[in-house]
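Residue numbers (our numbering): 9 to 224.
Positions of the beta carbon are idealized from the N, C-alpha and C atoms, including for glycine.
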Ligand code: AMP
């Protein structure tokens, strides 16, 4: 299973990514976490990443692909992945799709999690007091939400056009969101292209069966 979670900051893609990855026994690849790990490693690349993250700006594509591509390829070779926060721009999506075709690691589905901006802001401010992330201050949160609206939201139409998008209301308890993701994935009609379509149908039927309907 190869799934992308597409969501504004605070919508819970990290939480849903962990839950789905655990249940489906595939790797959860959180772009922000991998980039923060580079920062902690204190490399020159990490220092560059830290500046972008602290401002709430997107890290340049080349760095993102250098950090993310090996993780995605490795996960795909071991049963699949839940991608959280990558791709995040149209250029990233088109380049990732090209690499995906070359390496046979393309996405099966994209889950778009949405919630009102006031809910997102409130959740991020609550997380700030618990985790102390440098980019969870009121000003940077506002900027990250703007960056999402301008740069990442166009991916909703991009994946919808490709017939692999499901949208789920994230303004509910985490277990309800997971259950809703399961339902929406089981309803997804994969794109019409022969073998890929039938493989995808079989895979979606398996996910629907594998994700328990009641919260664990
Ligand atoms: P997140 O943990 O998903 O909220 O991401 C935190 C920060 O990491 C973002 O504000 C960006 O600075 C950076 N980041 C994460 N994913 C990407 C990406 N796909 N492209 C560029 N920057 C990213």
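> Secondary structure at residue 35, three-state DSSP: helix, strand or coil?
Replying inline: strand
> Three-state secondary structure (DSSP) at residue 57?
Replying inline: helix
> Does the separation of the CB atoms of residue 21 and residue 93 fall below 8 Å?
Replying inline: yes
> Going along the chain, which residues of its own chain have a beta-carbon closer than 7 Å to the beta-carbon of residue 36, five neighbours each way excluded?
Replying inline: 25, 26, 29, 90 and 92
>> Could you check whether the segment 148-158 touches the segment 60-67, counting it as contact only if at least three pairs of C-beta atoms, one from each stretch, sit closer than 8 Å?
In response: yes
> ligand 1 heavy atoms versus the CB of residue 58: any closer than 7 Å?
Replying inline: no
>> Less than 8 Å between CB atoms is the rule here; does residue 171 satisfy it with respect to chain C?
In response: You won't find chain C in this structure, because it holds only one protein chain.
> Near residue 81, which residues of its chain fall below 8 Å by C-beta distance, leaving aside the five closest residues on each side in sequence?
Replying inline: 111 and 113
>> According to DSSP, simplified to helix, strand and coil, what is residue 90?
In response: strand
> What residues match up with residue 167 in a beta bridge as DSSP calls it?
Replying inline: Residue 167 pairs with nothing; no bridge assigned.
> Taking buried to mean at least 16 other C-beta atoms within 10 Å of its own C-beta, is residue 190 buried or exposed?
Replying inline: buried
>> I need the boundaries of the beta strand (DSSP E) containing residue 77, first residue and last residue.
In response: Not the beta strand (DSSP E): residue 77 falls in the alpha helix (DSSP H), residues 69-85.
>> If you follow the beta strand (DSSP E) that residue 105 is in, where does it begin and where does it stop?
In response: Here residue 105 belongs to no beta strand (DSSP E); instead the alpha helix (DSSP H) covers 98-111.
>> Starting from residue 8, trace the alpha helix (DSSP H) in both directions and tell me its first and last residue.
In response: Missing from the structure shown is residue 8; the chain here goes from 9 to 224 and no further.
> When you compare only the Cα positions, how much space is there between residue 44 and residue 31?
Replying inline: 25 Å
>> Following a CB-centred definition, is residue 96 positioned closer than 7 Å to any heavy atom of ligand 1?
In response: yes
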